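A.B. asks: First, the structure itself, so that you have it in front of you.
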Amino acid sequence: MNGSESGFNPAFNIATIKQVVNEAIERVRMPTPTRLRDLIRQIRAARTAAEERSVVNKECAYIRSTFREEDSVWRCRNIAKLLYIHMLGYPAHFGQLECLKLIASPRFTDKRVGYLGAMLLLDERQDVHLLITNCLKNDLNSNTQFVVGLALCTLGAIASPEMARDLASEVERLIKSPNAYIKKKAALCAFRIIRRVPDLMEMFLPATRSLLTEKNHGVLITGVTLITEMCENSPDTLNHFKKIVPNLVRILKNLILAGYSPEHDVSGVSDPFLQVKILRLLRILGKNDAEASEAMNDILAQVATNTETSKNVGNTILYETVLSIMDIKSESSLRVLAVNILGRFLLNNDKNIRYVALNTLLRTVHVDTSAVQRHRTTILECLKDPDISIRRRAMELSFALVNGQNIRGMMKELLAFLERSDAEFKAHCSSAVVLAAERYAPSDKWHLDTLFKVLLKAGNYLRDDTVSSTIQIISSAATERQAYGAMRLWTSLEQSAVSGLATEKQPLIQVAAWTIGEYGDLLVSEASSAISMVDEDGVDDFVRPTEEYVIDIYQKLLWSTQLSISTKEFLLLSLAKLSTRFTTQASQEKIRVIIDTFGSHIHIELQQRGVELSQLFRQYGHLRPALLERMPAMEPVAAPHRDEQELDLSDTSPDHTKPDQDALLDLINGSDSLTNGDVEHQPEQIATTNNNTSSNDILDLLSGLDLTPSVPAAAPAVLLANNNVEPSAAPAALLLDGLFAPPATPQPPHPADANERNAAGAEWERAVLERGGVRVCVSARRAAGAAATLTARATSQLHTLTDFLFQAAVPKKIQLDMMSPSGTTLSPQGEITQVLKVTNPTKTPLRLRIRVSYNIDGTPVLEQTEINNFPADLFN
Amino acid sequence: MMQFMLLFSRQGKLRLQKWYVAHPDKLKKKITRELITTVLARKPKMCSFLEWKDVKVVYKRYASLYFCCAMEQEDNELLTLELIHRYVELLDKYFGSVCELDIIFNFEKAYFILDELVLGGELQETSKKNVLKAIAAQDLLQEDLNDGLLH
Numbered sequence: 001m002n003g004s005e006s007g008f009n010p011a012f013n014i015a016t017i018k019q020v021v022n023e024a025i026e027r028v029r030m031p032t033p034t035r036l037r038d039l040i041r042q043i044r045a046a047r048t049a050a051e052e053r054s055v056v057n058k059e060c061a062y063i064r065s066t067f068r069e070e071d072s073v074w075r076c077r078n079i080a081k082l083l084y085i086h087m088l089g090y091p092a093h094f095g096q097l098e099c100l101k102l103i104a105s106p107r108f109t110d111k112r113v114g115y116l117g118a119m120l121l122l123d124e125r126q127d128v129h130l131l132i133t134n135c136l137k138n139d140l141n142s143n144t145q146f147v148v149g150l151a152l153c154t155l156g157a158i159a160s161p162e163m164a165r166d167l168a169s170e171v172e173r174l175i176k177s178p179n180a181y182i183k184k185k186a187a188l189c190a191f192r193i194i195r196r197v198p199d200l201m202e203m204f205l206p207a208t209r210s211l212l213t214e215k216n217h218g219v220l221i222t223g224v225t226l227i228t229e230m231c232e233n234s235p236d237t238l239n240h241f242k243k244i245v246p247n248l249v250r251i252l253k254n255l256i257l258a259g260y261s262p263e264h265d266v267s268g269v270s271d272p273f274l275q276v277k278i279l280r281l282l283r284i285l286g287k288n289d290a291e292a293s294e295a296m297n298d299i300l301a302q303v304a305t306n307t308e309t310s311k312n313v314g315n316t317i318l319y320e321t322v323l324s325i326m327d328i329k330s331e332s333s334l335r336v337l338a339v340n341i342l343g344r345f346l347l348n349n350d351k352n353i354r355y356v357a358l359n360t361l362l363r364t365v366h367v368d369t370s371a372v373q374r375h376r377t378t379i380l381e382c383l384k385d386p387d388i389s390i391r392r393r394a395m396e397l398s399f400a401l402v403n404g405q406n407i408r409g410m411m412k413e414l415l416a417f418l419e420r421s422d423a424e425f426k427a428h429c430s431s432a433v434v435l436a437a438e439r440y441a442p443s444d445k446w447h448l449d450t451l452f453k454v455l456l457k458a459g460n461y462l463r464d465d466t467v468s469s470t471i472q473i474i475s476s477a478a479t480e481r482q483a484y485g486a487m488r489l490w491t492s493l494e495q496s497a498v499s500g501l502a503t504e505k506q507p508l509i510q511v512a513a514w515t516i517g518e519y520g521d522l523l524v525s526e527a528s529s530a531i532s533m534v535d536e537d538g539v540d541d542f543v544r545p546t547e548e549y550v551i552d553i554y555q556k557l558l559w560s561t562q563l564s565i566s567t568k569e570f571l572l573l574s575l576a577k578l579s580t581r582f583t584t585q586a587s588q589e590k591i592r593v594i595i596d597t598f599g600s601h602i603h604i605e606l607q608q609r610g611v612e613l614s615q616l617f618r619q620y621g622h623l624r625p626a627l628l629e630r631m632p633a634m635e636p637v638a639a640p641h642r643d644e645q646e647l648d649l650s651d652t653s654p655d656h657t658k659p660d661q662d663a664l665l666d667l668i669n670g671s672d673s674l675t676n677g678d679v680e681h682q683p684e685q686i687a688t689t690n691n692n693t694s695s696n697d698i699l700d701l702l703s704g705l706d707l708t709p710s711v712p713a714a715a716p717a718v719l720l721a722n723n724n725v726e727p728s729a730a731p732a733a734l735l736l737d738g739l740f741a742p743p744a745t746p747q748p749p750h751p752a753d754a755n756e757r758n759a760a761g762a763e764w765e766r767a768v769l770e771r772g773g774v775r776v777c778v779s780a781r782r783a784a785g786a787a788a789t790l791t792a793r794a795t796s797q798l799h800t801l802t803d804f805l806f807q808a809a810v811p812k813k814i815q816l817d818m819m820s821p822s823g824t825t826l827s828p829q830g831e832i833t834q835v836l837k838v839t840n841p842t843k844t845p846l847r848l849r850i851r852v853s854y855n856i857d858g859t860p861v862l863e864q865t866e867i868n869n870f871p872a873d874l875f876n
Numbered sequence: 001m002m003q004f005m006l007l008f009s010r011q012g013k014l015r016l017q018k019w020y021v022a023h024p025d026k027l028k029k030k031i032t033r034e035l036i037t038t039v040l041a042r043k044p045k046m047c048s049f050l051e052w053k054d055v056k057v058v059y060k061r062y063a064s065l066y067f068c069c070a071m072e073q074e075d076n077e078l079l080t081l082e083l084i085h086r087y088v089e090l091l092d093k094y095f096g097s098v099c100e101l102d103i104i105f106n107f108e109k110a111y112f113i114l115d116e117l118v119l120g121g122e123l124q125e126t127s128k129k130n131v132l133k134a135i136a137a138q139d140l141l142q143e144d145l146n147d148g149l150l151h
């Protein structure tokens with residue numbers, strides 16, 4: 001296309017003349033289209049959205065009509081207009097093929113606009129890729145560096161794995177080009193290709209190392225970027241590149257020591273972009289490598305001390321340096337220097353610097369906790385910052401700093417933060433408080449107090465498992481603690497009920513109802529005066545309630561229209577229990593009346609319970625004291641995780657329902673009266689035996705009752721006969737569920753739910769990684785549509801793992817949604833679960849590459865594997 | 001690696017979008033819309049970083065335009081601010097004290113400049129001079145052959 005360079009060439013000139021003539025003819029034939037500038041003016045002049053739409057629609061119609069004409073000289077102008085229209089949010093997909101035609105054109109303007117359009121209108125999901133791959137291949141071989149540049153730029157932006165494979169060898173050739181302009185672009189293209197298709201890395205290795213010998217900063221920085229990606233890609237390559245540490249150190253040293261060079265200077269710092277990239281690569285190379293770390297100690301110290309800090313650039317470099325110092329095996333004096341830099345950052349006026357300081361402290365806190373502890377006050381101060389980004393960092397960092405010594409003070413601040421924090425923080429913050437309290441509680445009383453405060457402050461944002469774990473802690477506490485709990489919770493319950501805030505604090509109401517139901521006798525008895533209710537502020541706001549008043553408050557809550565059904569279930573059962581805790585006849589009578597009203601409740605579950613419980617005040621009154629006895633102390637459950645409960649119902653729900661079923665079995669043993677189909681809903685569950693501890697509790701409870709076989713056998717039958725509810729609508733299991741199960745137990749699954757789950761397919765599970773006692777299992781379950789839910793479970797036998805991170809990748813036709821993991825710290829016997837939702841509309845065979853990283857005693861471990869033996873019918 | 005870059009006005013109008021990750025159009029629109037709303041809702045005194053979904057958003061306002069980059073977790077936030085500033089400097093040099101209107105009417109030039117600065121989500125050239133030289137040479141190549149076809 002450079003006519004002047006090619007000299008005299010008759011063929012070339014004739015072609016040019018032809019083209020000029022053609023263009024001239026076309027210009028006469030077709031009216032000149034609106035200019036880009038004019039279109040933008042017209043669109044901007046539109047006063048309403050409708051007006052704008054009409055201008056755009058008119059122009060789009062015109063552009064479409066010109067596309068139908070072949071070989072228009074105005075094509076590039078029309079595409080440019082279309083790109084503007086696209087940016088406004090209108091559809092522009094009909095321009096995709098036209099972009100390809102522009103790219104194939106010999107004119108530079110056409111190519112420039114065509115490639116721009118391709119980058120904006122196409123991405124790797126488009127089918128036209130085969131066509132563009134050919135165009136790119138041609139242009140990568142062009143003699144004009146700018147044409148090669150355009151092609152490389154486009155490849156870097158929209159390379160699909162197929163394109164990457166097809167064009168990798170061209171890119172590799174261009175990395176070796178003597179032209180720096182092409183070299184640097186090719187290096188970044190290689191970086192993108194490796195990102196997309198890691199298998200292609202090998203072929204780029206030989207050409208890559210020589211990039212660091214160049215003088216041109218563009219080539220250097222792209223070379224460093226490429227090497228960084230390669231090192232992160234495979235440990236072997238990382239080792240291969242260990243030997244370039246001296247080269248990198250030299251480049252960095254030259255940058256620092258070299259005098260002022262206007263070309264690369266940014267506010268007195270020489271090429272900060274390159275410096276940061278090198279520092280980052282040094283960090284990767286020096287990690288867990290004493291020798292490499294040794295080689296870079298000096299230069300890091302030099303950078304840390306010599307960098308000008310009055311401007312953002314200087315702090316940028318210091319920030320990267322600190323990260324490197326903390327990550328490699330650096331000298332201790334250097335670490336002190338790094339933490340001090342962060343301390344200075346924390347006090348900086350610039351919010352951005354404070355943010356990175358918090359961020360970095362969080363990353364280094366496990367390396368040197370005591371150094372970070374020194375900045376605790378400043379960090380806690382940041383919890384009050386108006387900026388959500390800073391608050392989030394400060395919160396995470398504060399939790400990382402909590403230990404046995406400072407727990408009282410830290411918790412005070414964090415609870416205050418919990419109270420005033422935004423909704424999105426509350427769930428995370430409250431569970432972190434619960435965890436920290438569990439780990440470091442200085443005393444039982446303090447632990448209970450903290451849990452009560454969380455219940456009060458987190459309101460409905462509290463995670464469900466906190467309710468059951470708090471109940472468990474109260475249930476296994478000493479008697480005077482239980483009384484204390486009942487008294488404290490009573491105060492909160494009463495205040496919430498009176499102030500009408502109960503709806504926002506349902507978890508609190510649930511725990512309070514359970515506790516008062518169990519230990520209500522201690523609450524109202526004279527003996528409670530012996531327990532000190534003076535709180536941390538020296539205030540004793542406890543007033544011992546009368547039995548009647550407690551019942552009044554219950555009535556108020558039970559009749560409230562806004563409380564959830566499960567909260568009311570807690571309250572109703574608790575109220576029934578109170579009938580055996582409270583002694584006066586008047587309160588017994590009052591309770592009976594309230595329970596009777598539920599016999600006609602609109603909600604079937606509450607109605608059922610109302611009817612059943614009211615029977616205990618009538619012909620089965622003699623059973624009541626024994627049935628409503630205090631629960632035995634509950635064993636700590638192995639941290640049931642909420643996600644797990646939600647998503648693995650098929651696993652967990654039988655465990656919850658079995659006890660009731662067995663109790664029922666026991667009761668109806670030998671009875672003929674129940675063969676009318678009531679229990680046939682869940683035959684397989686009844687048939688299963690189990691050794692579950694909680695079921696034993698319940699069986700113990702039952703065996704303690706001195707009952708003749710005929711009474712229990714008759715009881716359910718009679719109860720059902722008295723019941724107005726259609727028997728088949730209420731599974732028999734519910735009958736006793738209400739009486740024996742702790743209120744926290746989820747209701748047994750409705751038969752329909754069980755069927756749905758069966759239809760959703762059996763669960764597939766494999767252990768995919770197993771090393772050093774660390775085991776990762778992945779299970780897969782079909783979900784509605786062409787989707788599946790995968791659950792990864794990690795367990796560790798011996799060690800506590802920190803910074804546990806689970807990453808996953810799937811082929812590009814499949815869409816992967818990672819839910820948030822259940823945690824990042826894995827203790828022995830604990831479990832981390834990570835749920836992944838996979839949508840696979842094309843039903844391509846699922847391959848899942850997973851990468852797991854964690855620290856064992858400060859030693860990082862990285863493992864990856866690929867799973868491709870998923871069941872074939874996962875998405876059908 | 002930068003995942004995408006957005007330029008938008010104080011009124012929330014998109015002025016430039018550059019994606020380095022493949023998303024369907026619909027998702028791009030959704031991300032753009034949500035992010036513009038979130039960034040515009042932040043107060044001027046707040047820091048320039050925002051942890052948003054799985055990306056780290058670094059943004060800065062220059063006159064009436066917001067420059068907003070979505071970076072990965074390991075990227076240096078402060079350096080991204082420098083990158084944005086470098087891009088603004090380049091636009092300024094190219095247009096001669098650039099304003100929003102320059103970018104609206106010459107959006108393709110703004111893209112061309114960005115493409116000489118960043119490739120595939122990573123910085124490719126740290127010298128301002130080299131970027132402007134490459135742009136000028138390509139503009140010349142364009143004008144020599146077919147002046148006026150574009151504008």
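So the protein lines, in turn, are chains U and H. The first sequence begins at 1 in full-length UniProt numbering and counts up by one. The second sequence begins at 1 in full-length UniProt numbering and counts up by one. Cβ coordinates follow ideal geometry from the N, Cα and C atoms, glycine included. Bear in mind the structure is a predicted one, so any value in this text is a computation, not a measurement.
Can you tell me whether residue 860 (chain U) is helix, strand or coil according to DSSP?
C.D. replies: Strand.
A.B. asks: Where does residue 207 (chain U) sit, in a helix, a strand or coil, going by DSSP?
C.D. replies: Three-state result, residue 207 (chain U): helix.
A.B. asks: Could you please give the first and the last residue of the uninterrupted beta strand (DSSP E) stretch that includes residue 263 (chain U)?
C.D. replies: Run containing residue 263 (chain U): none; DSSP gives neither H nor E here.
A.B. asks: Going along the chain, which residues of the stretch 259-276 of chain U sit with their C-beta nearer than 9 Å to a C-beta in chain H?
C.D. replies: So the list reads 262, 263, 264, 266, 271, 272, 273, 274 and 276, given in the order they occur along the chain.
A.B. asks: Please classify residue 122 (chain U) as buried or exposed, where buried requires at least 16 other C-beta atoms within 10 Å of its C-beta.
C.D. replies: Under this definition residue 122 (chain U) is a buried residue.
A.B. asks: Excluding the five sequence neighbours on either side, which residues of its own chain have a C-beta within less than 6 Å of the C-beta of residue 10 (chain H), listed in chain order?
C.D. replies: Cβ within range, chain order: 64.
A.B. asks: Would you call residue 559 (chain U) buried or exposed, if buried means 16 or more other Cβ atoms sit within 10 Å of its Cβ?
C.D. replies: Burial call: exposed.
A.B. asks: Cβ of residue 181 (chain U) less than 9 Å from any chain H Cβ?
C.D. replies: At least one chain H Cβ lies under 9 Å of residue 181 (chain U).
A.B. asks: May I ask you to list, following chain order, the residues of the stretch 186-210 of chain U that have a beta carbon less than 7 Å from some beta carbon of chain H?
C.D. replies: Result list: 188, 189, 191 and 192.
A.B. asks: Between the beta-carbon of residue 357 (chain U) and the beta-carbon of residue 399 (chain U), is there less than 9 Å?
C.D. replies: Contact: no.
A.B. asks: Would you say residue 94 (chain H) faces chain U, with C-beta separation under 9 Å as the test?
C.D. replies: No, residue 94 (chain H) lies away from the interface with chain U (no Cβ there is under 9 Å from its Cβ).
A.B. asks: So, is residue 484 (chain U) buried or exposed, given that buried needs 16 or more other C-beta atoms within 10 angstroms?
C.D. replies: It is buried - the Cβ of residue 484 (chain U) has at least 16 other Cβ atoms within 10 Å.
A.B. asks: Does the beta carbon of residue 67 (chain H) come closer than 9 Å to any beta carbon on chain U?
C.D. replies: Not an interface residue.
A.B. asks: Compute the distance between the beta-carbons of residue 315 (chain U) and residue 6 (chain H), then report whether it is under 9 Å.
C.D. replies: No, they are not a contact pair.
A.B. asks: Label residue 525 (chain U) either buried or exposed according to how many other C-beta atoms from any shown protein chain fall within 10 Å of its C-beta, with 16 as the threshold for buried.
C.D. replies: Residue 525 (chain U) comes out exposed.
A.B. asks: Considering only C-alpha positions, which residue in the set U:133, U:63 and U:242 is nearest to residue 295 (chain U)?
C.D. replies: That would be U:242, whose Cα lies nearest to the Cα of residue 295 (chain U).
A.B. asks: Using the beta-carbon of each residue, which ones in chain H are nearer than 8 Å to residue 320 (chain U)?
C.D. replies: Here the neighbours are 76 and 79.
A.B. asks: Using a Cβ-Cβ cut-off of 9 Å, state whether residue 88 (chain U) counts as contacting chain H.
C.D. replies: It does; some Cβ of chain H falls within 9 Å.
A.B. asks: Is it buried or exposed, residue 511 (chain U), if we count other Cβ atoms within 10 angstroms and call 16 or more buried?
C.D. replies: Its Cβ being crowded by 16 or more others within 10 Å, residue 511 (chain U) is buried.
A.B. asks: Are at least three pairs of beta-carbons, each pair with one atom in the stretch 447-455 of chain U and one in the stretch 469-479 of chain U, less than 8 Å apart?
C.D. replies: As far as the Cβ criterion goes, the stretch 447-455 of chain U touches the stretch 469-479 of chain U, which means the pair count is three or higher.
A.B. asks: Quick check on the DSSP output: the alpha helix (DSSP H) that includes residue 626 (chain U) runs from which residue to which?
C.D. replies: Counting along the chain, the alpha helix (DSSP H) containing residue 626 (chain U) begins and ends at 624-627.
A.B. asks: Is there a C-beta anywhere in chain U that falls below 9 Å from the one on residue 100 (chain H)?
C.D. replies: Taking Cβ atoms only, chain U never reaches closer than 9 Å to residue 100 (chain H), which makes this a no.
A.B. asks: Using a Cβ-Cβ distance under 9 Å, would residue 137 (chain H) count as near chain U?
C.D. replies: Yes, contact with chain U.
A.B. asks: Of all the CB atoms in chain H, is at least one closer than 9 Å to the CB of residue 37 (chain U)?
C.D. replies: With 9 Å as the cut-off, residue 37 (chain U) counts as an interface residue toward chain H.
A.B. asks: So with Cβ pairs under 9 Å, would you call residue 210 (chain H) a contact of chain U?
C.D. replies: Given a span of 1 to 151 for chain H in the structure shown, any question on residue 210 (chain H) remains unanswerable.
A.B. asks: Could you please tell me which residues of the stretch 348-361 of chain U, in chain order, have their CB closer than 9 Å to any CB of chain H?
C.D. replies: If the cut-off is 9 Å between Cβ atoms, the stretch 348-361 of chain U has 350, 351, 352, 353, 354, 355, 356 and 359 near chain H.
A.B. asks: Taking only beta-carbon atoms, is residue 62 (chain H) less than 9 Å away from chain U?
C.D. replies: No - not a single Cβ of chain U is within 9 Å of the one on residue 62 (chain H).
A.B. asks: Compute the beta-carbon to beta-carbon distance between residue 60 (chain H) and residue 48 (chain H), rounded to the nearest angstrom, for a pair I have assumed lies under 8 Å.
C.D. replies: Between residue 48 (chain H) and residue 60 (chain H) the Cβ distance is about 6 Å, and since that is below 8 Å, they are a contact.
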